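Novice: The listed protein sequences correspond, in order, to chains A, B, C and D. Under UniProt numbering, think of the first position of the first sequence as 1, with each following residue one higher. Under UniProt numbering, think of the first position of the second sequence as 1, with each following residue one higher. Under UniProt numbering, think of the first position of the third sequence as 1, with each following residue one higher. Under UniProt numbering, think of the first position of the fourth sequence as 1, with each following residue one higher. This is the structure, below, for whatever I ask next.
Number of protein chains: 4
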Amino acid sequence: MSSIAELTERVREFARERDWEQFHTPKNLAMALAGEVGELLAELQWLTPEESAAVMADPELGPRVRAEIGDVAIYLARLADVLGIDLVRAALDKLDDSARRYTVEAARGSASKIGGGHPPGA
Amino acid sequence: MSSIAELTERVREFARERDWEQFHTPKNLAMALAGEVGELLAELQWLTPEESAAVMADPELGPRVRAEIGDVAIYLARLADVLGIDLVRAALDKLDDSARRYTVEAARGSASKIGGGHPPGA
Amino acid sequence: MSSIAELTERVREFARERDWEQFHTPKNLAMALAGEVGELLAELQWLTPEESAAVMADPELGPRVRAEIGDVAIYLARLADVLGIDLVRAALDKLDDSARRYTVEAARGSASKIGGGHPPGA
Amino acid sequence: MSSIAELTERVREFARERDWEQFHTPKNLAMALAGEVGELLAELQWLTPEESAAVMADPELGPRVRAEIGDVAIYLARLADVLGIDLVRAALDKLDDSARRYTVEAARGSASKIGGGHPPGA
C-alpha cells in the first residue's frame, strides 16, 4: 500500500507546477471534495445495496468507482495539507473519540431498526 | 505521519467489534462519506476564502475542522476497504491521468477568469 | 400547497432582518445547501431502500426527515433568489431537456442492470 | 412564477412514463439530489464569493448554473413527492422554527467573526 505522505507530496507538486495554489483555499477545496463525492454518489445511486457490494466486478462501473474514489482521496489529501493537518492522525484521534462514545457493548445491534438512534459508523 | 494501512485496519476492527459490518455496503458508506463532507462544509460555509485559510488558528473552529476531516478520512478508508481498492494507489493513478489531461503548459492560469474552463484541480 | 414565491419572500425577509444578506453569496449558499443535503443523507444512510420508503411513518425519523427537506428547500429557494433564477421555471426547462435526451422508448428499463448506462432520473 | 405543484406533477409523470418509479426510493433520490448539488458546487468552487455573485452574467457559466439549479429542484420535488411531504409547507415550518431559535436581536452580526457561533442561515 502506497503512503499518504507520497500522495500529499505529489498533489502539492501538481498544484505548484500549474500555478493552482492560489485557488486551493480550504473553502474551495472543501467544495471540490464535495463535488467529487457527488460524482461518486452518482455512480452508486440507482444500485441496490447488494449491487453496490458487487460493483467492482462490473467491467464498466468498477473502474469508474475506483477513479472517483481516487479523486476524493486527492482532494482530501490536498485539503489536509493546506490546513496543516496530519490526515491519518486526525482520523485515528476521531476513532478513539468514537470508541469512547459508542462502546462495543452499547453499540451492538443499535442500528437494527429504523430510528434506532446513533448511526453505526465511526 | 501514520499510515493509511493502520487506519484501514483500525476502522475494520471498529466495525467488526460493533457488528456494524452488515450496514457497511458501498452505497451506505458513500452516503455516510457525503454526510461527513456536508458537516465539513458547514464549518466553512460562511467564512471568506481568506478566513478559511486561517481556520486552524481559531481555538474553537480549528479542532472542529480537524475532527470533520478525520471523520471524512475514516469513511473514505472504510469505503475503499470494502470495495477492495488501494486508496492511495487509486489516487496516484488518477493523478497520472490528470497530469496527461492538464499539462503544465496548458493549465497555467487556466482558471484565472470566470468560465475559464476546466477546474484547477487534479 | 403553498407557493414557492411565498417561501422565497419569507426567506429574503428572514435574511434581511438578521443582517445576513452579506453572507448570502451564491458560493456560500451552495455550500449551505450541500451541508443540509448532507444532514438529510445522514438520516437515510443506514436504512435499506425499503426502510427509507417507510420512513415518514416512523415517529422519530419522519419529522427529522421532513425538517431536513425543509432546510434544503429554504437554501435552494434562497440561492435561486440571489441568482435571479425562477426555480420552478429552471426545473421545468431542464425536464424538457431531459425528455428529449431520454425518450420514453429508449429509457424504459434502461437502469435495470449494473452499469446500465444513464441514470433513471430527470 | 410557475408552481411547485406543476413541477411535482411533471416529474411524477416523467418517472412513470419511463418505468423509473421502481428506482425512486427516498434513499436513492437523496443520493441523486446530493449528486446534483455536487455538480452545482463544481461550477462555483474556484470562484471567489464576488465572482459567484456575478455568475449569471457569464454567458458560459450562467446557463450551466441555472441548469444545475433546475436539476436540484427536480430531485428535491420528486423526493418530497415520494415521501408525501408538502415541500414549501415543510420549509415554511422550518423557517418558523429558525425564527424562534435565532431571534432578530440575537442574530444581527452573529457571524461577523470566525467561530462566531451559529451559521447565518435559516
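Every residue gets a Cβ at the ideal spot worked out from N, C-alpha and C, and that includes glycine. Here the structure is a predicted model, which is why all the values come from computation and not from measurement.
Report the CB separation of E39(D) from E68(D) in whole angstroms; it is logged as a contact under 8 Å.
Specialist: The sequence position of residue 39(D) within the fourth sequence is 39, counting from 1. The sequence position of residue 68(D) within the fourth sequence is 68, counting from 1. With 8 Å as the limit, E39(D) and E68(D) qualify as a contact, their Cβ atoms being about 5 Å apart.
Novice: Answer with buried or exposed for A106(B), where buried requires no fewer than 16 other C-beta atoms within 10 angstroms of its C-beta.
Specialist: Sequence index remark: in the second sequence, residue 106(B) carries index 106 (1-based). With fewer than 16 Cβ atoms within 10 Å of its Cβ, A106(B) is classed as exposed.
Novice: By how many angstroms is the C-alpha of L87(B) removed from the C-alpha of L7(A)?
Specialist: Translated into the one-based positions of the first sequence, residue 7(A) becomes position 7. Translated into the one-based positions of the second sequence, residue 87(B) becomes position 87. If you take the alpha carbons of L7(A) and L87(B), they lie about 10 Å apart.
Novice: I need the straight-line Cα distance from H118(D) to L44(B), nearest angstrom please.
Specialist: Here residue 118(D) corresponds to residue number 118 of the fourth sequence, with the count starting at 1. Here residue 44(B) corresponds to residue number 44 of the second sequence, with the count starting at 1. Residue placement at H118(D) is poorly supported in this model, since its pLDDT is 44, which falls under 50; the coordinates still yield a value, given next. Each residue's Cα considered, the two are about 12 Å apart.
Novice: Report yes or no: is there a C-beta of chain A within less than 8 Å of the C-beta of L61(B)?
Specialist: Reading the second sequence from its first residue, position 61 is the one you call residue 61(B). False, the Cβ-Cβ gap to chain A never drops below 8 Å.
Novice: Below 7 Å on C-beta distance, what does A42(A) contact in chain D?
Specialist: By one-based count along the first sequence, residue 42(A) stands at place 42. Here the neighbours are G35.
Novice: May I ask you to report which of helix, strand or coil DSSP gives D19(C)?
Specialist: Working through the third sequence from its first residue, we reach residue 19(C) at position 19. Coil.
Novice: Determine whether the Cβ of M56(B) lies closer than 8 Å to any Cβ atom of chain D.
Specialist: For this step, residue 56(B) is matched to residue 56 along the second sequence. With 8 Å as the cut-off, M56(B) does not count as an interface residue toward chain D.
Novice: Shorter than 8 Å from the beta carbon of R66(B) to some beta carbon of chain A?
Specialist: As a working mapping, residue 66(B) is identified with position 66 in the second sequence. Taking Cβ atoms only, chain A reaches closer than 8 Å to R66(B), which makes this a yes.
Novice: Restricting to Cα atoms, I'd like to know which of L47(D), R66(D), R108(D) is closest to D97(C).
Specialist: As a position in the third sequence, residue 97(C) is number 97, starting the count at 1. Here the closest residue by C-alpha is R66(D).
Novice: Is P26(C) helix, strand or coil by DSSP?
Specialist: Locating residue 26(C) in the third sequence gives position 26, where the first residue counts as 1. Helix at P26(C).
Novice: Report yes if the C-beta distance between E76(B) and V72(A) is below 8 Å; otherwise report no.
Specialist: Counted from its first residue, the second sequence places residue 76(B) at position 76. Counted from its first residue, the first sequence places residue 72(A) at position 72. Going by the sequence as given, residue 76(B) is Leu instead of Glu. Contact flag set, yes.
Novice: Considering just the uninterrupted stretch of the alpha helix (DSSP H) at I74(C), what are its terminal residues?
Specialist: For the purposes of this step, residue 74(C) is taken as the residue at position 74 of the third sequence. Its alpha helix (DSSP H) spans residues 61 to 83.
Novice: Between the C-alpha atoms of L41(B) and A32(C), what's the straight-line distance to the nearest angstrom?
Specialist: On the second sequence, position 41 is the one that residue 41(B) refers to. On the third sequence, position 32 is the one that residue 32(C) refers to. Roughly 7 Å separates the two Cα atoms.
Novice: For R10(B), does the count of other Cβ atoms within 10 angstroms reach 16, so buried, or fall short, so exposed?
Specialist: Position 10 of the second sequence, counted from the first residue, corresponds to residue 10(B). R10(B) should be labelled buried.
Novice: Could you check which residue in A90(A), K94(A), R101(A), L83(A) has the C-alpha nearest to that of H24(A)?
Specialist: By 1-based counting over the first sequence, the position of residue 24(A) is 24. Of the listed residues, the one whose Cα sits closest to H24(A) is L83(A).
Novice: Just how far apart, CA to CA, sit R18(C) and A99(D)?
Specialist: For the purposes of this step, residue 18(C) is taken as the residue at position 18 of the third sequence. For the purposes of this step, residue 99(D) is taken as the residue at position 99 of the fourth sequence. Cα to Cα, the separation comes out at about 10 Å.
Novice: Would you mind sorting A34(B) into buried or exposed? The rule is 16 or more other CB atoms within 10 Å of its CB.
Specialist: For the purposes of this step, residue 34(B) is identified with residue 34 of the second sequence, where counting begins at 1. When all chains shown are included, A34(B) counts as buried.
Novice: List, in chain order, every chain C residue whose beta-carbon is nearer than 8 Å to that of T48(A).
Specialist: Position 48 of the first sequence holds residue 48(A). P49, listed in chain order.
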